[in-house]
Every structure is written in structure tokens, then in C-alpha cells.
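Report on one structure; see the data block that follows.
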Amino acid sequence: MSEAKAPQQRGGQTEDVSAERLAEIGLRFEVDGEIATITLDRPDKRNAQTFATWSALARIGDSLPEQVRVVVVQGEGPSFSAGIDLRMFTPEGVPGQGSFGSAARLDSASFGQRIQAAQQGFLWLRRPEIVSIAAVHGHAIGAGFQLALACDLRIVADDVKFCMKEPALGLVPDLTGTKPLVELVGLAKAIDICLTARFVEADEAMRIGLAERVVAGGDLAKAVQDKAAELLSTNRDAAAATKRLLQGAQGRTLEEQSAAEGAEQIKRLKALFGAE
Numbered sequence: 368m369s370e371a372k373a374p375q376q377r378g379g380q381t382e383d384v385s386a387e388r389l390a391e392i393g394l395r396f397e398v399d400g401e402i403a404t405i406t407l408d409r410p411d412k413r414n415a416q417t418f419a420t421w422s423a424l425a426r427i428g429d430s431l432p433e434q435v436r437v438v439v440v441q442g443e444g445p446s447f448s449a450g451i452d453l454r455m456f457t458p459e460g461v462p463g464q465g466s467f468g469s470a471a472r473l474d475s476a477s478f479g480q481r482i483q484a485a486q487q488g489f490l491w492l493r494r495p496e497i498v499s500i501a502a503v504h505g506h507a508i509g510a511g512f513q514l515a516l517a518c519d520l521r522i523v524a525d526d527v528k529f530c531m532k533e534p535a536l537g538l539v540p541d542l543t544g545t546k547p548l549v550e551l552v553g554l555a556k557a558i559d560i561c562l563t564a565r566f567v568e569a570d571e572a573m574r575i576g577l578a579e580r581v582v583a584g585g586d587l588a589k590a591v592q593d594k595a596a597e598l599l600s601t602n603r604d605a606a607a608a609t610k611r612l613l614q615g616a617q618g619r620t621l622e623e624q625s626a627a628e629g630a631e632q633i634k635r636l637k638a639l640f641g642a643e
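So that you can map any letter, position 219 of the sequence shown is 586 in my numbering, and since no number is skipped, the others follow by simple counting.
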């Protein structure tokens with residue numbers, strides 16, 4: 368496996384994506400052929416996230432090598448991610464990063480830009496040219512839940528515990544998790560999950576559509592590996608085109624979706640038969 372410094376990169380940015388810098392933040396990033404793996408690596412803190420985590424995730428997305436088709440997001444230790452580092456609620460905050468209190472004193476435009484920058488660490492996982500898989504075990508709370516929701520697929524261990532903790536802390540989920548949650552489980556169930564801040568365990572996650580598959584904890588890595596192999600068995604360009612169609616389907620009428628299908632198919636056939 369290698370660091371994210373391939374010759375061809377989607378965003379062209381390599382600053383601060385070195386293994387050493389990521390280790391300081393609590394992340395690992397490895398590329399093995401067409402599969403990239405992001406590991407939240409603060410097991411002693413149950414992989415709690417900070418401003419630096421989100422910034423680093425965004426930079427990984429910007430520097431993702433061109434050959435990567437599958438991105439796996441996982442957590443080291445007993446949990447996927449226990450959510451926000453609680454030091455961010457203290458006056459001292461996280462050394463070198465500040466706190467929510469210091470951020471709240473920014474003007475609204477500057478604060479909004481900071482939130483948007485954090486969201487970029489999650490949004491790129493939905494790009495059509497990749498398929499992202501969250502390998503979730505143990506706690507996936509708040510920001511951890513939203514990181515799992517940012518991925519296209521969630522394969523979970525039987526000890527998983529999802530929880531949208533933000534409303535219980537006086538916050539709202541703002542790391543791009545609300546839309547996929549509603550799309551996956553429906554409005555009523557999403558309201559129930561968020562406004563009670565209750566745990567959703569493996570059986571319920573599978574039943575309501577949060578998880579594509581539940582496996583024993585010891586089988587999680589193999590299940591994710593098998594799914595990645597299945598995804599890589601399809602044509603790269605056809606897979607990206609199909610994902611674009613699926614992502615846009617909900618916002619289109621049947622007629623609009625039919626037209627979009629036709630437009631994508633024309634491109635595929637022209638490419639396959641060298642008629643471009």
C-alpha cells in the first residue's frame with residue numbers, strides 16, 4: 368500500500384496529506400490499486416473528530432489518485448467514531464484548533480465558511496466516479512454517524528450503535544447527514560432517530576435500510592473486501608454513469624430521468640464503439 372501521492376490526482380493538492388501529518392491528526396490513508404482506505408486512528412479517544420479531522424478528510428478527497436474506484440472508511444479500535452471531540456465544547460478547545468465557543472464568536476459569514484469547509488470532508492465521498500463503503504463497528508455517534516451516512520454503502524458489525532447525538536447537545540447535524548438519513552429511512556423515522564438521540568443497533572439498521580449487510584465483528588473486513596471486489600468487476604465508466612443516474616433520479620420526473628438515461632447511453636455506446 369502507498370500514501371496518497373500518485374502522479375495523477377483528481378484535485379492536484381498534496382499539501383499536508385503525508386502519513387506523518389495524518390498520524391498527528393489521527394488518520395491513516397492508504398491506496399492499494401483501485402481501493403483507497405481511510406482509517407480513523409484515535410482508538411484511545413474512540414476516534415473522536417475535530418476540525419483537523421474534517422480538513423484532512425477534505426484534502427484526502429482533493430488528492431485522491433485517479434485510479435481509485437472504491438474508498439473504504441473504517442475506524443481503529445473498539446468504535447467507528449464516537450463523534451465530536453468533547454474538548455471542542457470547552458473554553459480551551461483542541462490545542463491549535465480552537466473550540467466551538469471561539470468559532471461562535473466569528474461573524475456569520477466566516478462561521479458559515481468554516482462549516483462549509485468541514486462539510487467538504489464528507490461531500491466528496493458521494494462523487495460518481497467512486498463508490499464509498501463505511502465499515503462500521505461499535506459506536507457511530509454524531510459526526511461518526513454522519514460520516515457513515517456520507518458513504519454510498521454501509522456494511523456493519525453486529526455490535527454497531529448508530530446515534531445522532533447533536534440535538535441532545537443543543538446542536539443540529541450539519542456534516543451532510545440529514546439528507547441521506549431521510550432518503551434511507553423516511554422522514555418519520557429520521558425524526559425519531561434524531562430528536563430522541565437514541566441508539567439504532569444492527570438489527571434495526573438492517574431493517575430500516577441504514578445498513579446493506581450485518582456481519583459478525585470478525586467478518587467485517589472480509590465482507591468489505593468482498594464488496595469492493597464486486598464493485599470493481601463492473602466497467603469503470605459505466606459504473607460512474609449509472610451512479611450519476613441513480614443520484615439524480617429522485618429530483619427528476621420520469622420523463623426527465625428517461626432523457627438522462629438516453630443521454631448517458633449515447634455516450635457509453637459511442638465510447639464502446641469508438642464513435643466519439
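Ideal Cβ positions, reconstructed from N, Cα and C, are used throughout, including at glycine.
As the structure is a computational prediction, the values presented were derived from the model and not from experiment.
Query                                                                                                                                   : Result
Do you know offhand how far residue 526's Cα is from residue 580's?                                                                     : 13 Å
Within the chosen definition, does the region 546-559 reach the region 595-607 through at least 3 CB pairs nearer than 8 Å?             : no
Who are residue 442's beta bridge partners in DSSP?                                                                                     : 407
Tell me the residue span of the beta strand (DSSP E) that contains residue 528.                                                         : 528-530
Buried or exposed: where does residue 398 fall if 16 or more other Cβ atoms within 10 Å of its Cβ makes it buried?                      : buried
Verify whether the separation of the beta carbon atoms of residue 448 and residue 511 is less than 8 Å.                                 : yes
Just checking my contact of residue 470 with residue 481 at CB under 8 Å: how many whole Å lie between their CB atoms?                  : 6 Å
Is the region 513-530 touching the region 619-633 in the sense that three or more CB pairs, one from each, lie closer than 8 Å?         : no
Taking the CB atoms as reference points, tell me whether residue 438 and residue 522 lie closer together than 8 Å.                      : no
If we count Cβ pairs, one from each stretch, closer than 8 Å, do we get three or more for the region 415-428 versus the region 487-500? : yes
Can you tell me the Cα-Cα spacing of residue 442 and residue 500, whole angstroms?                                                      : 12 Å
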